[in-house]
Amino acid sequence: MKISLWKRDVRWPAIAGAALASVALAACGSSDDAGDGGSATGRRGGKVTIATYGGKTEEVMKAVYFTPEFTDRTGIAVSFDAPLDYAKLQTQAESGNIQWDMTSGDPYMAIAQCGTVFSRIRSDPSMFKEKYRDIVGDCVLPRDAGSFIKAYNSERFADDPPSSWADFFDVERYPGKRAIPSFYYNGIIEGALLADGVSPEDLYPLDLDRAFAKMDTIRDDILVYNTLAQSIQQLVSGDVAMGIYTDSAAWQAADAGATIEPIWDEAFIYINLWTVTEGTPDRAAVEEVIDYVLDPELQTAAAEMWPVSPALKDARQPRYPDEQFKKYSLAVPEHEEVAIPFDQQWYADNHEELNQRFTAWISG
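With mature numbering (1 follows the signal peptide of the UniProt record, and there is no 0) applied, the sequence shown corresponds to residues -26 to -1, 1 to 338, in that order.
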(Lines of atoms letter the chains of each structure in order from A and count residues from 1; the text may use other names and numbers.)
(Lines give C-alpha, C1' and ligand atoms only; values in the text may rest on other atoms or scores of the structure.)
Protein backbone atom coordinates (compact mmCIF):
# COMPACT_ATOMS: atom_id res chain seq x y z
CA MET A 1 0.00 0.00 0.00
CA LYS A 2 1.18 3.54 -0.63
CA ILE A 3 1.41 5.84 2.38
CA SER A 4 1.89 9.48 1.45
CA LEU A 5 4.75 11.34 3.06
CA TRP A 6 2.35 14.16 3.83
CA LYS A 7 -0.67 12.18 4.91
CA ARG A 8 -0.66 10.11 8.06
CA ASP A 9 -3.37 7.45 8.35
CA VAL A 10 -6.34 9.35 9.77
CA ARG A 11 -7.35 6.42 11.91
CA TRP A 12 -4.30 6.42 14.12
CA PRO A 13 -4.66 7.56 17.74
CA ALA A 14 -2.53 10.34 18.46
CA ILE A 15 -2.69 10.24 21.65
CA ALA A 16 -3.29 12.04 24.85
CA GLY A 17 -4.64 25.00 38.77
CA ALA A 18 -1.05 26.16 38.52
CA ALA A 19 -0.24 29.57 37.11
CA LEU A 20 -0.26 29.65 33.33
CA ALA A 21 3.08 29.77 31.58
CA SER A 22 3.51 32.66 29.20
CA VAL A 23 4.51 31.69 25.67
CA ALA A 24 4.32 33.93 22.62
CA LEU A 25 4.50 33.20 18.93
CA ALA A 26 7.35 34.74 17.01
CA ALA A 27 6.23 38.02 15.50
CA CYS A 28 7.11 36.92 11.97
CA GLY A 29 5.99 34.18 11.56
CA SER A 30 -15.91 21.73 10.70
CA SER A 31 -16.52 20.35 14.08
CA ASP A 32 -18.44 21.39 17.21
CA ASP A 33 -17.33 24.69 18.72
CA ALA A 34 -16.22 25.01 22.34
CA GLY A 35 -18.32 28.17 22.50
CA ASP A 36 -19.91 30.93 20.47
CA GLY A 37 -16.98 33.34 20.58
CA GLY A 38 -18.62 35.87 22.88
CA SER A 39 -16.57 37.05 25.84
CA ALA A 40 -18.12 37.10 29.29
CA THR A 41 -15.00 38.69 30.76
CA GLY A 42 -14.24 41.37 28.21
CA ARG A 43 -11.35 39.43 26.68
CA ARG A 44 -10.60 39.99 23.03
CA GLY A 45 -12.39 36.91 21.65
CA GLY A 46 -11.71 35.30 18.29
CA LYS A 47 -11.90 31.88 16.66
CA VAL A 48 -9.28 29.16 16.45
CA THR A 49 -9.59 25.88 14.52
CA ILE A 50 -7.42 22.94 15.56
CA ALA A 51 -6.82 19.98 13.23
CA THR A 52 -6.37 16.59 14.90
CA TYR A 53 -6.47 12.92 13.96
CA GLY A 54 -9.90 12.81 15.60
CA GLY A 55 -11.07 10.13 17.99
CA LYS A 56 -10.02 10.21 21.62
CA THR A 57 -7.47 12.97 21.08
CA GLU A 58 -10.22 15.37 20.18
CA GLU A 59 -12.54 14.08 22.90
CA VAL A 60 -9.93 14.67 25.59
CA MET A 61 -9.15 18.15 24.27
CA LYS A 62 -12.81 19.10 24.46
CA ALA A 63 -13.29 17.61 27.91
CA VAL A 64 -10.13 19.04 29.48
CA TYR A 65 -8.83 22.07 27.61
CA PHE A 66 -11.63 23.64 25.63
CA THR A 67 -14.67 23.52 27.87
CA PRO A 68 -17.33 26.25 27.93
CA GLU A 69 -15.36 27.73 30.82
CA PHE A 70 -12.45 28.30 28.46
CA THR A 71 -14.60 30.38 26.13
CA ASP A 72 -16.13 32.25 29.08
CA ARG A 73 -12.64 33.07 30.30
CA THR A 74 -11.03 34.01 26.98
CA GLY A 75 -13.88 34.85 24.61
CA ILE A 76 -12.26 32.52 22.07
CA ALA A 77 -14.31 29.88 20.25
CA VAL A 78 -12.25 26.77 19.52
CA SER A 79 -13.45 24.30 16.90
CA PHE A 80 -11.94 21.07 15.64
CA ASP A 81 -11.45 19.49 12.25
CA ALA A 82 -10.32 16.00 11.36
CA PRO A 83 -8.49 14.29 9.90
CA LEU A 84 -5.25 16.22 9.97
CA ASP A 85 -3.76 15.93 6.49
CA TYR A 86 -0.26 17.33 6.00
CA ALA A 87 -0.75 17.84 2.27
CA LYS A 88 -3.79 20.03 2.94
CA LEU A 89 -1.92 21.88 5.66
CA GLN A 90 0.98 22.58 3.32
CA THR A 91 -1.42 23.89 0.67
CA GLN A 92 -3.06 26.18 3.22
CA ALA A 93 0.28 27.60 4.33
CA GLU A 94 1.51 28.13 0.77
CA SER A 95 -1.73 29.73 -0.45
CA GLY A 96 -2.37 31.82 2.65
CA ASN A 97 -5.89 30.37 2.86
CA ILE A 98 -5.55 29.10 6.42
CA GLN A 99 -8.36 26.90 7.69
CA TRP A 100 -6.41 25.19 10.49
CA ASP A 101 -4.82 27.69 12.85
CA MET A 102 -3.29 24.97 15.02
CA THR A 103 -2.63 21.26 14.69
CA SER A 104 -1.98 18.29 16.93
CA GLY A 105 0.52 16.20 15.02
CA ASP A 106 4.02 14.75 14.91
CA PRO A 107 7.21 16.54 16.02
CA TYR A 108 9.35 15.39 13.11
CA MET A 109 6.91 16.87 10.60
CA ALA A 110 6.95 20.20 12.44
CA ILE A 111 10.75 20.13 12.59
CA ALA A 112 11.05 19.33 8.88
CA GLN A 113 8.69 22.16 7.84
CA CYS A 114 9.44 24.73 10.56
CA GLY A 115 9.12 28.28 9.26
CA THR A 116 7.29 27.22 6.09
CA VAL A 117 4.24 25.14 7.04
CA PHE A 118 4.60 25.54 10.80
CA SER A 119 5.05 28.84 12.62
CA ARG A 120 7.86 29.47 15.05
CA ILE A 121 6.91 29.45 18.74
CA ARG A 122 8.96 30.92 21.55
CA SER A 123 9.17 28.48 24.42
CA ASP A 124 11.29 27.68 27.44
CA PRO A 125 12.61 24.09 27.39
CA SER A 126 13.10 24.23 31.16
CA MET A 127 9.29 24.15 31.55
CA PHE A 128 9.26 20.56 30.35
CA LYS A 129 10.43 17.26 31.76
CA GLU A 130 14.11 16.69 31.15
CA LYS A 131 13.34 13.59 29.07
CA TYR A 132 11.47 15.76 26.53
CA ARG A 133 13.49 18.98 26.49
CA ASP A 134 15.49 18.00 23.42
CA ILE A 135 12.22 17.79 21.48
CA VAL A 136 11.21 21.37 22.27
CA GLY A 137 12.11 23.52 19.29
CA ASP A 138 11.26 26.57 17.24
CA CYS A 139 7.98 25.03 16.03
CA VAL A 140 7.52 22.21 18.54
CA LEU A 141 5.61 22.58 21.80
CA PRO A 142 4.93 19.24 23.56
CA ARG A 143 1.51 18.58 25.10
CA ASP A 144 1.93 15.05 26.39
CA ALA A 145 3.62 11.77 25.53
CA GLY A 146 2.40 8.32 24.59
CA SER A 147 4.27 5.20 23.61
CA PHE A 148 4.49 2.20 21.35
CA ILE A 149 4.80 -0.88 23.52
CA LYS A 150 5.17 -4.58 22.91
CA ALA A 151 2.20 -6.62 24.11
CA TYR A 152 1.95 -10.40 24.15
CA ASN A 153 -0.67 -13.10 24.63
CA SER A 154 -0.30 -13.96 28.31
CA GLU A 155 -2.14 -17.29 28.00
CA ARG A 156 0.13 -18.51 25.23
CA PHE A 157 3.33 -17.62 27.04
CA ALA A 158 2.27 -17.99 30.68
CA ASP A 159 5.21 -20.25 31.58
CA ASP A 160 7.90 -18.29 29.75
CA PRO A 161 6.82 -14.69 29.16
CA PRO A 162 8.80 -12.59 26.67
CA SER A 163 10.52 -9.48 27.96
CA SER A 164 12.66 -7.95 25.22
CA TRP A 165 13.01 -7.04 21.55
CA ALA A 166 15.17 -10.14 21.16
CA ASP A 167 12.17 -12.18 22.29
CA PHE A 168 9.93 -10.33 19.84
CA PHE A 169 12.16 -11.50 16.99
CA ASP A 170 12.57 -15.05 18.35
CA VAL A 171 9.75 -16.92 16.60
CA GLU A 172 11.16 -20.32 17.55
CA ARG A 173 10.98 -19.74 21.28
CA TYR A 174 7.83 -17.62 20.96
CA PRO A 175 5.95 -18.88 17.89
CA GLY A 176 3.04 -17.01 16.38
CA LYS A 177 2.15 -13.92 14.42
CA ARG A 178 3.77 -10.54 15.14
CA ALA A 179 1.44 -7.58 14.60
CA ILE A 180 2.81 -4.21 13.52
CA PRO A 181 1.18 -0.99 12.29
CA SER A 182 1.21 -0.15 8.60
CA PHE A 183 2.84 3.21 9.36
CA TYR A 184 6.63 3.33 9.69
CA TYR A 185 6.73 5.46 12.86
CA ASN A 186 6.11 2.66 15.36
CA GLY A 187 9.39 1.39 16.84
CA ILE A 188 9.87 -1.71 14.68
CA ILE A 189 13.01 -0.29 13.05
CA GLU A 190 14.57 0.56 16.40
CA GLY A 191 13.39 -2.74 17.87
CA ALA A 192 15.04 -4.71 15.08
CA LEU A 193 18.35 -3.01 15.80
CA LEU A 194 18.05 -3.60 19.55
CA ALA A 195 17.27 -7.26 18.87
CA ASP A 196 20.35 -7.41 16.64
CA GLY A 197 22.63 -6.21 19.43
CA VAL A 198 22.69 -2.42 19.07
CA SER A 199 22.66 -0.64 22.43
CA PRO A 200 19.96 1.99 23.08
CA GLU A 201 22.48 4.83 23.26
CA ASP A 202 23.83 3.88 19.82
CA LEU A 203 20.49 3.55 18.00
CA TYR A 204 20.65 6.83 16.09
CA PRO A 205 21.40 7.40 13.31
CA LEU A 206 19.40 4.28 12.44
CA ASP A 207 21.17 1.71 10.28
CA LEU A 208 18.28 0.95 7.95
CA ASP A 209 20.04 -1.79 6.01
CA ARG A 210 20.77 -3.68 9.22
CA ALA A 211 17.26 -3.09 10.57
CA PHE A 212 15.48 -4.36 7.45
CA ALA A 213 17.78 -7.38 7.30
CA LYS A 214 16.72 -8.27 10.84
CA MET A 215 13.07 -7.65 10.00
CA ASP A 216 13.40 -10.04 7.06
CA THR A 217 14.01 -12.87 9.54
CA ILE A 218 10.38 -12.68 10.71
CA ARG A 219 8.75 -11.45 7.50
CA ASP A 220 6.61 -14.59 7.17
CA ASP A 221 5.27 -14.08 10.69
CA ILE A 222 4.30 -10.42 10.28
CA LEU A 223 0.65 -9.39 10.39
CA VAL A 224 0.06 -5.74 9.45
CA TYR A 225 -2.87 -3.81 10.86
CA ASN A 226 -4.24 -0.55 9.46
CA THR A 227 -6.56 0.85 12.10
CA LEU A 228 -6.85 1.21 15.83
CA ALA A 229 -9.99 -0.90 15.83
CA GLN A 230 -8.23 -3.65 13.88
CA SER A 231 -5.33 -3.72 16.33
CA ILE A 232 -7.69 -4.04 19.29
CA GLN A 233 -9.63 -6.82 17.57
CA GLN A 234 -6.42 -8.75 16.90
CA LEU A 235 -5.58 -8.69 20.59
CA VAL A 236 -9.08 -9.55 21.78
CA SER A 237 -9.43 -12.45 19.33
CA GLY A 238 -6.02 -13.89 20.15
CA ASP A 239 -4.98 -13.88 16.49
CA VAL A 240 -1.47 -12.67 17.33
CA ALA A 241 1.17 -13.91 19.72
CA MET A 242 2.85 -10.56 20.11
CA GLY A 243 2.68 -7.12 18.59
CA ILE A 244 3.54 -3.44 18.63
CA TYR A 245 0.69 -1.23 19.80
CA THR A 246 0.11 2.18 21.25
CA ASP A 247 -0.31 1.99 25.00
CA SER A 248 -3.85 3.30 24.62
CA ALA A 249 -4.81 0.59 22.09
CA ALA A 250 -3.42 -2.14 24.33
CA TRP A 251 -5.31 -0.66 27.28
CA GLN A 252 -8.57 -0.64 25.34
CA ALA A 253 -7.98 -4.23 24.24
CA ALA A 254 -7.30 -5.36 27.80
CA ASP A 255 -10.41 -3.51 28.92
CA ALA A 256 -12.36 -5.44 26.27
CA GLY A 257 -11.15 -8.77 27.62
CA ALA A 258 -7.89 -9.45 25.77
CA THR A 259 -5.54 -11.74 27.70
CA ILE A 260 -2.41 -9.67 27.19
CA GLU A 261 0.48 -8.18 29.11
CA PRO A 262 2.57 -5.13 28.18
CA ILE A 263 6.36 -5.02 27.96
CA TRP A 264 7.53 -1.56 28.98
CA ASP A 265 11.28 -2.11 28.72
CA GLU A 266 12.51 -0.25 25.62
CA ALA A 267 9.09 1.00 24.60
CA PHE A 268 9.28 4.01 22.27
CA ILE A 269 7.88 7.40 23.19
CA TYR A 270 6.05 9.64 20.75
CA ILE A 271 5.10 13.22 21.55
CA ASN A 272 1.73 14.88 21.03
CA LEU A 273 2.14 18.54 20.13
CA TRP A 274 0.63 21.93 19.98
CA THR A 275 1.73 23.43 16.65
CA VAL A 276 0.74 26.63 14.88
CA THR A 277 0.23 27.04 11.15
CA GLU A 278 2.42 29.59 9.40
CA GLY A 279 0.31 32.59 8.39
CA THR A 280 -2.60 31.98 10.76
CA PRO A 281 -4.79 35.10 10.50
CA ASP A 282 -5.80 35.46 14.17
CA ARG A 283 -2.38 35.25 15.74
CA ALA A 284 -3.42 36.98 18.94
CA ALA A 285 -6.15 34.41 19.60
CA VAL A 286 -3.73 31.56 18.94
CA GLU A 287 -1.24 33.10 21.38
CA GLU A 288 -3.93 33.17 24.02
CA VAL A 289 -4.84 29.54 23.38
CA ILE A 290 -1.19 28.51 23.72
CA ASP A 291 -0.89 30.51 26.93
CA TYR A 292 -3.99 28.85 28.35
CA VAL A 293 -3.16 25.23 27.55
CA LEU A 294 0.34 25.30 29.03
CA ASP A 295 -1.10 24.51 32.44
CA PRO A 296 0.32 21.55 34.40
CA GLU A 297 -3.06 20.84 35.98
CA LEU A 298 -4.72 20.55 32.58
CA GLN A 299 -2.03 18.17 31.36
CA THR A 300 -2.50 16.05 34.47
CA ALA A 301 -6.27 16.01 33.98
CA ALA A 302 -5.77 14.73 30.43
CA ALA A 303 -3.46 11.98 31.72
CA GLU A 304 -6.21 10.85 34.09
CA MET A 305 -8.58 10.33 31.15
CA TRP A 306 -6.16 8.81 28.63
CA PRO A 307 -2.92 6.85 29.28
CA VAL A 308 -0.45 9.61 28.38
CA SER A 309 2.26 11.33 30.39
CA PRO A 310 2.23 15.11 30.90
CA ALA A 311 5.10 16.93 29.23
CA LEU A 312 5.38 19.80 31.71
CA LYS A 313 7.74 19.19 34.63
CA ASP A 314 5.37 20.82 37.15
CA ALA A 315 2.49 18.49 36.31
CA ARG A 316 1.65 16.28 39.28
CA GLN A 317 1.50 12.51 39.12
CA PRO A 318 -1.92 11.49 37.74
CA ARG A 319 -4.48 9.70 39.89
CA TYR A 320 -5.21 6.60 37.85
CA PRO A 321 -8.87 5.54 37.62
CA ASP A 322 -7.97 1.86 38.13
CA GLU A 323 -5.06 -0.58 38.12
CA GLN A 324 -5.60 -1.65 34.53
CA PHE A 325 -5.38 1.94 33.31
CA LYS A 326 -2.20 2.35 35.35
CA LYS A 327 -0.67 -0.79 33.82
CA TYR A 328 -0.82 0.83 30.36
CA SER A 329 0.01 4.43 31.29
CA LEU A 330 3.35 5.96 30.32
CA ALA A 331 2.95 8.40 33.23
CA VAL A 332 3.92 5.67 35.71
CA PRO A 333 7.53 6.62 36.59
CA GLU A 334 8.79 3.04 36.21
CA HIS A 335 7.33 2.94 32.69
CA GLU A 336 8.59 6.33 31.57
CA GLU A 337 12.08 5.64 32.93
CA VAL A 338 12.70 2.60 30.72
CA ALA A 339 11.02 3.96 27.57
CA ILE A 340 13.07 5.60 24.81
CA PRO A 341 12.02 8.79 22.99
CA PHE A 342 12.13 8.66 19.21
CA ASP A 343 14.89 10.86 17.78
CA GLN A 344 12.66 13.45 16.15
CA GLN A 345 15.48 15.22 14.33
CA TRP A 346 16.53 11.94 12.70
CA TYR A 347 12.95 11.36 11.56
CA ALA A 348 12.70 14.92 10.27
CA ASP A 349 15.79 14.35 8.15
CA ASN A 350 15.02 10.80 6.99
CA HIS A 351 11.27 10.15 7.06
CA GLU A 352 10.91 10.25 3.28
CA GLU A 353 13.42 7.45 2.71
CA LEU A 354 12.06 5.44 5.62
CA ASN A 355 8.50 5.82 4.39
CA GLN A 356 9.44 4.48 0.97
CA ARG A 357 11.45 1.55 2.30
CA PHE A 358 8.95 0.55 4.97
CA THR A 359 6.00 0.75 2.57
CA ALA A 360 7.87 -1.45 0.08
CA TRP A 361 8.76 -3.92 2.84
CA ILE A 362 5.24 -4.42 4.20
CA SER A 363 3.92 -4.65 0.64
CA GLY A 364 6.18 -7.64 0.07
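We put the CB at the ideal spot given by N, CA and C, even for glycine.
Thinking just about the alpha-carbon of each residue, which of the options is nearest to the one in residue i?
i	options	result
Pro315	Val306, Ala276, Ala169, Ala241	Ala241
Lys188	Val145, Ala25, Pro155	Val145
Ser78	Ser97, Ile24, Ala119, Ala51	Ile24
Leu166	Ser121, Leu182, Phe157, Pro57	Strictly speaking, residue 166 in this sequence is Ala, with Leu absent from that position. The residue with the shortest Cα to Cα distance from Ala166 is Leu182.
Asp133	Tyr148, Asp239, Gly120, Asp323	Tyr148
Pro179	Gln73, Ala322, Pro42	Ala322
Ala227	Val312, Leu58, Ser205, Asp296	Ser205
Asp288	Leu272, Thr48, Val34, Phe40	Leu272
Ile237	Tyr39, His309, Asp194	His309
Gln330	Arg293, Arg130, Phe157	Phe157
Ser53	Ala169, Phe40, Gly19, Trp335	Phe40
Phe264	Leu202, Glu129, Ile50	With the sequence shown as reference, residue 264 is identified as Ile, and Phe is not the correct amino acid for it. The residue with the shortest Cα to Cα distance from Ile264 is Ile50.
Asp190	Ala334, Gly28, Pro42, Val34	Ala334
For residue i versus residue j, is the C-beta distance shorter than 8 Å?
i	j	result
Ser222	Lys36	no
Ile109	Pro136	no
Phe299	Pro270	no
Lys62	Asp256	no
Gly231	Ala153	no
Ala277	Lys103	no
Asp75	Arg94	no
Phe122	Thr26	no
Lys151	Val214	yes
Ile192	Asn127	no
Ala224	Ala125	yes
Met83	Tyr106	no
Val38	Ala275	yes
Asp239	Ser138	yes
Ala169	Phe142	yes
Tyr266	Phe92	no
Ala313	Ile243	yes
Mind checking residue i: buried by the 16 CB within 10 Å criterion, or exposed?
i	result
Leu115	buried
Arg283	The sequence as given places Ser at residue 283; Arg does not occur at that position. Buried is the call here.
Met246	At residue 246 the sequence reads Asn, which differs from the Met that was named. The residue in question, Asn246, is buried, as its Cβ has 16 or more Cβ neighbours within 10 Å.
Arg117	buried
Ser337	exposed
Ser100	exposed
Ser173	exposed
Gln318	buried
Pro155	buried
Glu326	exposed
Glu262	buried
Glu32	buried
Gly19	buried
Pro292	buried
Gly28	buried
Is the segment 238 to 258 close to the segment 80 to 97, with three or more CB pairs under 8 Å?
Touching, yes, given that three or more Cβ pairs across the two stretches are closer than 8 Å.
Length-filtered (4 minimum) alpha helix (DSSP H) runs lying within the segment 53 to 130:
For the segment 53 to 130, whole alpha helix (DSSP H) runs of length 4 or above, ordered along the chain, are 60 to 69, 81 to 86.
May I have a chain-ordered list of the alpha helix (DSSP H) segments no shorter than 4 residues that lie completely inside the segment 159 to 239?
Fully contained in the segment 159 to 239 are the following alpha helix (DSSP H) runs of length 4 or more, in chain order: 162 to 169, 182 to 190, 202 to 211, 221 to 229.
Tell me whether the segment 203 to 211 and the segment 158 to 173 touch, counting them as touching only if at least three CB pairs, one residue from each stretch, are closer than 8 Å.
Verdict: no, contact absent.
When the Cβ atoms of the segment 66 to 79 are set against those of the segment 292 to 303, are three or more pairs found closer than 8 Å?
Flag = no, the segment 66 to 79 and the segment 292 to 303 do not touch.
Please list the segments of the alpha helix (DSSP H) lying wholly inside the segment 18 to 50, counting only runs of 4 or more residues, in order along the chain.
Taking 4 residues as the shortest admissible run, the segment 18 to 50 contains the following complete alpha helix (DSSP H) segments, listed from N- to C-terminal end: 29 to 34, 42 to 48.
Extract the residue ranges of the alpha helix (DSSP H) inside the segment 130 to 159, only unbroken runs of 4 or more that lie entirely within it.
139 to 142
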